[in-house]
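Going line by line, the protein sequences match chains A and B.
FYI, my numbering numbers position 269 of the first sequence as 269, with every residue one higher than the one before it.
For any residue, its number in my numbering is found by taking its place in the second sequence, counting from 1, and adding 1000.
A virtual CB, placed ideally from N, CA and C, is assigned to each residue, including glycine.
Protein chains: 2
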Amino acid sequence: MTRKIVFGEIPEIEEGSWFEGRKEMMPSSFHRNWGSGIDGNGKEGTAAIVLSGGYEDDQDLGDVIIYTGAGGNDTNSGKQVEDQQWENRGNAGLLKSMNEGLPVRVIRGFKHKSDFSPTSGYLYAGLYSVVDAWEEKGKSGFRICRFKLEYSGNNNLRKTPEEIELDYNTKEKKRKEGIILRIIRDSKISNEIKNLYNYECQVCKTTILTKSGRYAEGAHIRPLGNPHEGDDNSNNLICLCPNHHVMFDKGSFSIQKDLKLIGCESGFLFIHPKHNLNVLNLEYHRICHGYN
Amino acid sequence: MTRKIVFGEIPEIEEGSWFEGRKEMMPSSFHRNWGSGIDGNGKEGTAAIVLSGGYEDDQDLGDVIIYTGAGGNDTNSGKQVEDQQWENRGNAGLLKSMNEGLPVRVIRGFKHKSDFSPTSGYLYAGLYSVVDAWEEKGKSGFRICRFKLEYSGNNNLRKTPEEIELDYNTKEKKRKEGIILRIIRDSKISNEIKNLYNYECQVCKTTILTKSGRYAEGAHIRPLGNPHEGDDNSNNLICLCPNHHVMFDKGSFSIQKDLKLIGCESGFLFIHPKHNLNVLNLEYHRICHGYN
């Protein structure tokens, strides 16, 4: 029997839950694989990983984990004996999870060496986001696939991805000079819209191709937050390439009620029959940028 | 005598400094204009603004200020009697400051109504960044130009732009669903590189045109922060359009020692004779994305 992959929290298994062994995690689909540390594949994404001390290059800072992908190690000695591959189903799954913003359950095993590891059994560390992927030469000399994971669960006492990100990049630097920030926030709703358009820009039909899949951005027509207070709703979202996202946010072009583009773009916004835009949001954008 | 415009902090005038009147601010170039609340112009940018209760639509939340631009009000009654214009030198200056990340000195006058205003004279509130600009119908019914300013000075007890941004956008939402973040941080060095290339992408020569000027992004070749620890230095920076920035960060293409593009782009990276790239940074990027 193959259990279906489940992303995010599993009912009744809270952060901090403890399991005696790997077998106990399987019935609930919490982590379905006994043999492999990664539960996932390139088609669906990765839903859970176990840190079990198998890779000498792992770094565990608690809310941030530098994780080594799967493959290339000798099954008996555990030592790296050949290059890791991005095509490995676990690694491909982590790339997919990064690209789609899918949450990954992180479990620390007793063999994993860190301040956060249990002395016996397996401890559920909560939900993490995959925020970066790259490759490098490991201590063994062979190529390893690396992932940076950041805590993104519901525990308000722990750090958010934003706080972790700021810790890294701004500690000393942030007060030193004027900076411009552009924070792009992709929600589930925005993912739905991007999938509807197969990641093609609704203005120029461009898709950004990356090794881990297609890339586009969900752009809010009426901005979120003070003072605009727009909704994070599909009738307030369009799928754009990064270039048109910047231009739209800065008012280089806007959209009329009949979806005609005005400003520095001409033609019409491509629209899917299943996608309804709120004309009041379009009007708000036009007014904000002086097109009315 | 015309004094030169000065951006940023003025020596010996610390945040919290108090002035008896507008005249006292002028000799040091702290705020050079007696008549206007905005010290700046579209060519150089705006260096200082005074909040003096002149506009009924202003909102002052301390570290965040929603500011109404200049123009359109009757000099006697102070009432809005016509539309404001983006071409007004003060408004154009604030747009320029937004686009270039120039800091703006904010001064609160005794007539300004807020919890932070002095009861007499003028109080220096510190450096702010202009983070958003749009237009709307004011309470008067006439068009007003609006700016969102966020504190960006050196006082560690106050909120940073990042903290303010997070307060707005994530308070309730951040714990609810998986999100992807893309934070683009533009430093002074990155501005220098972008100016060197006149905001043209070093891959495709595209420039993003906006109402407030040309737009491009400074891309770090070896990423900043843990675990990559790249430098914020011109030999580690290139000028890219947002689309190529995403593709470069995700490894869709990389750059050889001779600046030949590899991966999904062909041809060579455009390079200015004054711009030297560190070949070790290029190599780091190639290794990270599997091109070596």
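Counting of Cβ neighbours within 10 angstroms places B/Leu1280 among the exposed residues, the total staying below 16. Exposure of B/Thr1075 is indicated by the presence of fewer than 16 other C-beta atoms within 10 angstroms of its C-beta. Pairing B/Arg1143 with B/Asp1083 gives a Cβ-Cβ distance under 7 Å.
Of all residues in the segment 119 to 143 of chain A, those with a C-beta nearer than 9 Å to a C-beta of chain B are Leu127, Ser129, Val131, Asp132, Ala133, Trp134, Glu135, Glu136, Lys137, Arg143, reading in chain order. In the DSSP annotation of this structure, the continuous segment of the alpha helix (DSSP H) that includes A/Cys288 starts and ends at 279 to 288.
Closest by C-alpha distance to B/Ile1221, out of B/Leu1149, B/Ser1097, B/Gln1256, B/Gly1008, is B/Gln1256.
If you look at A/Ile193, you'll find it in the alpha helix (DSSP H) that goes 188 to 196. Among the bridge pairs identified by DSSP, B/Asp1058 is matched with none. Using a Cβ-Cβ distance cut-off of 8 Å, the segment 1028 to 1047 of chain B and the segment 1077 to 1094 of chain B are in contact, since at least three pairs of beta carbons, one from each stretch, lie closer than that value. Within the segment 251 to 262 of chain A, the residues whose Cβ lies closer than 8 Å to some Cβ of chain B are Gly251, Ser252, listed in chain order. With at least 16 other beta carbons inside 10 angstroms of its own, A/Asn88 counts as buried. When C-beta distances to chain B are compared with 7 Å, the residues of the segment 274 to 291 of chain A below that value are Ile287, Cys288, His289, Gly290, in chain order.
Taken through DSSP and simplified to helix, strand or coil, B/Ala1125 comes out as strand. Chain order gives the chain B residues near A/Ser212 as Lys1250, where near means a beta carbon separation below 8 Å. Residues Asn1099 of the same chain have their beta carbon placed closer than 6 Å to that of B/Gly1213, with the five preceding and five following residues left out of the count. Relative to the Cα of B/Asn1154, the nearest Cα in the group B/Leu1127, B/Glu1136, B/Lys1139, B/Lys1148 belongs to B/Leu1127.
When Cβ pairs closer than 8 Å are counted between the two stretches, the segment 1005 to 1025 of chain B is seen to touch the segment 1102 to 1113 of chain B, the count reaching three or more. Shortest Cα-Cα distance from A/Leu259 to any of A/His272, A/Asp249, A/Lys250 involves A/His272. Membership of B/Val1246 in the alpha helix (DSSP H) is indicated by the continuous run 1242 to 1249. Counting along the chain, B/Lys1096 sits inside no beta strand (DSSP E); it lies in the alpha helix (DSSP H) bounded by residues 1089 to 1100. Rounded to the nearest angstrom, the gap between the Cα atoms of B/Ile1164 and B/Leu1149 is 10 Å. Residue state for B/Glu1024 is assigned as helix, using DSSP reduced to three classes.
Any Cβ of chain B closer than 7 Å to the Cβ of A/Asn243 would place that residue at the interface, and such an atom is present.
No Cβ of chain B is located within less than 7 Å of the beta carbon of A/Pro11.
Note on geometry: alpha-carbon atoms of A/Gly290 and B/Asp1232 lie some 37 Å from one another. Residues of the segment 1202 to 1232 of chain B with a Cβ closer than 9 Å to any Cβ of chain A, in chain order: Thr1206, Ile1208, Leu1209, Thr1210, Lys1211, Ser1212, Tyr1215, Glu1217, Pro1223, Leu1224, Gly1225, Asn1226, Pro1227, His1228, Asp1232. Chain A places no beta carbon closer than 7 Å to that of B/Ile1193, leaving this residue out of the contacts. Taking C-beta atoms as the reference points, A/Lys194 and A/Gly230 fail to come closer than 7 Å. Contact fails between the segment 1058 to 1067 of chain B and the segment 1016 to 1035 of chain B, because fewer than three Cβ pairs, one in each stretch, are under 8 Å apart. The C-beta of B/Ile1065 comes no closer than 7 Å to any C-beta of chain A. Apart from sequence neighbours up to five positions away, the residues of its chain that approach B/Cys1241 with a beta-carbon distance below 8 Å are Cys1201, Val1203, Cys1204, Thr1206, Thr1207, Ile1208, Ala1216, Glu1217, ordered along the chain. Proximity of A/Val246 to chain B, defined by a Cβ-Cβ separation below 7 Å, is satisfied.
By the beta-carbon neighbour count (other beta carbons within 10 angstroms, threshold 16), B/Glu1135 is buried. Around the beta carbon of B/Arg1003, a 10 Å sphere encloses fewer than 16 other beta carbons of the protein chains shown; the residue is thus reported as exposed.
Taken through DSSP and simplified to helix, strand or coil, A/Ile107 comes out as strand.
A Cβ-Cβ distance of about 6 Å is found for the pair A/Arg158 and A/Asp63, placing them in contact under the 8 Å criterion.
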